[in-house]
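Sequential numbering of the sequence shown, starting at 0, is according to numbering that gives the first Met the number 0. Glycine included, every Cβ here is placed at the ideal spot set by N, Cα and C. All of these numbers come straight from a predicted model, not from anything done at the bench. Here the structure comes first, spelled out in structure tokens, and everything after it is commentary.
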Amino acid sequence: MGGLTYIDFLAKFGVGGAHPGGINLTKNVLSQEKISSNSSILDAGCGTGQTAAFMYERYQANIVCLELNPIMVEKAKNRFQLLKYPIQLVQGSVEDIPFPDDSFEFILCESVLAFVNKPQALHEFYRVLKTGGRLLANEMTINSSLPEDAKREIMEFYNIDSLLLESDWRTLLQASGFKEIDIRQLQSDLMNGNTAQEFNFSQNFEPELFSILNQHGNMLVKYHDILSHRIFTCTKI
Ligand SMILES: C[S@@+](CC[C@H](N)C(=O)[O-])C[C@H]1O[C@@H](n2cnc3c(N)ncnc32)[C@H](O)[C@@H]1O
0 MGGLTYIDFL AKFGVGGAHP GGINLTKNVL SQEKISSNSS ILDAGCGTGQ TAAFMYERYQ
60 ANIVCLELNP IMVEKAKNRF QLLKYPIQLV QGSVEDIPFP DDSFEFILCE SVLAFVNKPQ
120 ALHEFYRVLK TGGRLLANEM TINSSLPEDA KREIMEFYNI DSLLLESDWR TLLQASGFKE
180 IDIRQLQSDL MNGNTAQEFN FSQNFEPELF SILNQHGNML VKYHDILSHR IFTCTKI
């Protein structure tokens, strides 16, 4: 595959709403929070910026985006410029967040933790949240333990360092200092797809990326009972 990853596929295809449940699930999660135009919200690993644009439209809040992948950054930047939305976009990593302590009322993290060093990113989220601040995350979760070879197949394909059960996520969130931890499994499973998905293709992309798309589909079919996701909400008290 020439070293290309699932994230390269998402970036070059410009997949917007690249998380289970898409923007509709995002709207549902946000609607349960007390967000106002005074809120500062970090969209951690914003991808092409679909959620960030929605949050600005809906709340006129102070939206800040952090994203590591340069192609994603470019696509998000173009989106915000076209819409003339005053959204701050910074290239950087959730593992080393370039913002001071106590910066945000909310952090939204949609299918990003799965791809990074989870304890490190959670430590950083805790640090940059204000007291009373909320972390809202939608992350890959396995429904039950898997044999080692299956685990390895999934981890190698998505280029991730671990696969967590709901109980593992709870332990990690607790260890990072979070309280009021709520973990929900909502209806939309990964195979139900995402009705509001968008694409913003790069002009040149490697044909191998189609194979990654295909393999992703195969993974979802093969592991449909096991590969799932959860919505986590928790508070820095
Ligand atoms: C599955 S996509 C989700 C994108 C976006 N949150 C969405 O829902 O459409 C994962 C995103 O995390 C970004 N990412 C991966 N590692 C990162 C890191 N260390 N710091 C910031 N972003 C990262 C990827 O570049 C990609 O845009």
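1) Note down, in chain order, each residue of its chain lying with its Cβ closer than 6 Å to the Cβ of Gln59, except the 5 sequence neighbours on either side.
2) Where does the unbroken beta strand (DSSP E) through Ile141 begin, and where does it stop?
3) Under 7 Å: does the beta carbon of Glu73 sit that close to some heavy atom of ligand 1?
4) Given this structure, state the Cα-to-Cα distance separating Leu29 from Phe200, to the nearest angstrom.
5) Provide the residue span of the alpha helix (DSSP H) that contains Gln80, from first to last.
6) What is the DSSP secondary structure of Glu205, reduced to helix, strand or coil?
7) Does the Cβ of Arg229 have 16 or more other Cβ atoms within 10 Å, making it buried, or fewer, making it exposed?
8) If distances are taken between C-alpha atoms only, which option among Ser210, Leu134 and Gln49 comes closest to Phe177?
9) Determine the direct distance from the alpha carbon of Cys64 to that of Leu41, and round the result to whole angstroms.
10) Check whether the Cβ atoms of Ile153 and Tyr222 lie closer than 8 Å to each other.
11) Any heavy atom of ligand 1 closer than 7 Å to the CB of Gly15?
Checking against the coordinates, here is how it stands:
1) Within the sequence shown, residue 59 is the residue found at index 60, counting from 1. In chain order, Ser36 place their CB closer than 6 Å to the CB of Gln59, counting only its own chain and leaving out the 5 sequence neighbours on each side.
2) If you number the sequence shown from 1, residue 141 lands on position 142. Its beta strand (DSSP E) spans residues Leu128 to Ile141.
3) Taking the first residue of the sequence shown as 1, we reach residue 73 at position 74. No, the beta carbon of Glu73 sits no closer than 7 Å to any heavy atom of ligand 1.
4) Translated into the one-based positions of the sequence shown, residue 29 becomes position 30. Translated into the one-based positions of the sequence shown, residue 200 becomes position 201. If I take the Cα positions, the gap works out to 28 Å.
5) As a working mapping, residue 80 is identified with position 81 in the sequence shown. Per DSSP, Gln80 belongs to the alpha helix (DSSP H) from Pro69 to Leu82.
6) Locating residue 205 in the sequence shown gives position 206, where the first residue counts as 1. Residue state, collapsed to three classes: coil.
7) In the sequence shown, counting from the first residue as 1, residue 229 sits at position 230. The residue in question, Arg229, is buried, as its Cβ has 16 or more Cβ neighbours within 10 Å.
8) As a first step, residue 177 is located in the sequence shown; it is residue number 178 there, counting from the start. Ranking the options by Cα distance to Phe177, first place goes to Leu134.
9) Residue mapping note: residue 41 aligns to position 42 of the sequence shown, counting from 1. Residue mapping note: residue 64 aligns to position 65 of the sequence shown, counting from 1. The straight-line gap from Cα to Cα measures roughly 6 Å.
10) Counted from its first residue, the sequence shown places residue 153 at position 154. Counted from its first residue, the sequence shown places residue 222 at position 223. For the 8 Å CB-CB criterion, Ile153 and Tyr222 form a contact.
11) The count along the sequence shown starts at 1 and reaches residue 15 at position 16. A heavy atom of ligand 1 is found nearer than 7 Å to the CB of Gly15.
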